[in-house]
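Going by our numbering, the sequence shown opens with residue 7, and the numbers climb by one from there.
Okay, structure first, notes after.
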Amino acid sequence: MTYDMQTRQRRTEWFKNARWGVLTHYLADTASATTEVSITTDEWNRRIDAFDVDTLASQLESIGAPYYFITLGQNSGYYCAPNATYDSIVGRSPSRCSQRDLIVDLYEALHPRGIQLLLYTTNCAPANDALAVQKLQWAWGYDGPAGIYYGPKRTGARLAEFQVQWEAVLRDWSLRWGNKVAGWWVDGCYFNDAMYDFPEPPNFQSFTAAIRAGNPEALVALNPGVHILKCATEYEDYTAGEVDVSFPATDGRRSVQRWIGTDQFHLLSFLGQWWGQGEPRFPDEFVIGYTRYVNNHEGVMTWDIPISHSGHLPQAFLHQLSALHRALA
């Protein structure tokens, strides 16, 4: 089944109207880490248990954020919610999936305030967890200390066995949360033509269907890489739009507009010095002006900011996003 533009427009309308939102990299290590993290499962669970969802929700409400993304996990293999399917495949005891379901608790705090909850995940096994890589039958990642990335295009691997298992993991989470989760941003989709662009499953259709298993209206974006403002597949809803140091004014051919191919126009970048780190790198005027530019083209802008272990947002970023909220209001 493909999704016609009427379906996609209905699904993305609230997102377009939101205009901007917040993402945080809440991880056991740091974003894009390439070495194994030293934290223990007990330490991870204590950290998750201490996460203050009410204060975070109040902070997001105070800056007028219409939606909020949080990372489920990334390279360490530590995740902020239980997943029985993942545990049955990886077989680690104790599990690196947290005992507390932080996603449910975040929803309960955000929903009464009218803030939509969305999730960051990956299309790959946690690269720095050797056991998970083996059990999930993952076969590519970082090559050596230089951090050179290689993948199916280079190895000739489709990784169908991995994809079937990873779809089951994502389906488990999706069914667990249902319509509590309004959307997903899937990182690492750098080799889509080698992994997903096939008529038979596992493919784009089966992958996105697994993500939407609990909520057919959930938004999905598959990230093909930095600076690539394009539609990855007709089965997604909005552009991943990852940018870091170059902020586009076009999609490479023409002025941006609401629809990039069949996707809602969306961009994601960080306000700190790196994803989830540092002090604000821009003056308020740039953040306001660029967000307004994106909105004027019917696009959506997501800003990544740091977050503490306890789930609190730094005052410097709250101040900047409050200025953005006031300017756009």
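C-beta atoms are modelled at their ideal positions from N, C-alpha and C, and glycine is treated no differently.
Keep in mind that this is a model prediction, so the values were computed, not measured.
A Cβ-Cβ separation of about 7 Å places Val96 in contact with Leu142 under the 8 Å criterion. Straight across, the Cα-Cα distance linking Val139 with Ser44 is about 17 Å. Here Met11 is exposed. Its C-beta has fewer than 16 other C-beta atoms within 10 Å. Our two residues, Ser68 and Asp203, have alpha carbons roughly 43 Å apart in a direct line. The residue from Cys130, Asp257 and His233 with its alpha-carbon nearest to that of Val251 is His233. Beta-bridge partners of Ser82 (DSSP): none assigned.
Non-local beta-carbon contacts of Asn89 in its own chain, meaning distances under 7 Å to residues more than five positions away in sequence, involve Cys103, Val175, Asp178 and Trp179 in chain order. Looking at the backbone, the Cα of Ser275 and that of Gln171 are separated by about 30 Å.
Rounded to whole angstroms, the separation of the alpha carbons of His315 and Asp48 is 14 Å. For Trp309, the three-state secondary structure derived from DSSP is strand. Within 10 angstroms of the beta-carbon of Ser101 lie 16 or more other beta-carbons, which makes it buried. Of all alpha-carbon atoms in Gly282, Arg14 and Pro72, the one lying nearest the alpha-carbon of Pro320 is that of Gly282. Shown here, Val192 sits in a strand according to DSSP, grouped into three states. In this structure, Phe292 and Ile311 do not form a Cβ contact; the two beta carbons are roughly 15 Å apart against a cut-off of 8 Å. DSSP, read as helix, strand or coil, puts Gln270 in strand. Relative to the Cα of Asp55, the nearest Cα in the group Arg106, Asn221 and Asn229 belongs to Arg106.
Closest in C-alpha terms to Arg17, from the list Tyr244, Ala329 and Gly258, comes Tyr244. As a beta-bridge residue in DSSP terms, Ser275 pairs with Trp309.
Residue pairing for Trp280: DSSP places it in a beta bridge opposite Gln283.
If you draw a straight line from the Cα of Asp35 to the Cα of His117, it is about 28 Å long.
Contact between Asn221 and Glu248 is absent: CB atoms are separated by about 24 Å, not below the 8 Å threshold.
Distances from the alpha-carbon of Gln279 to those of Gln263, His303, Glu242 and Trp309 put Trp309 closest.
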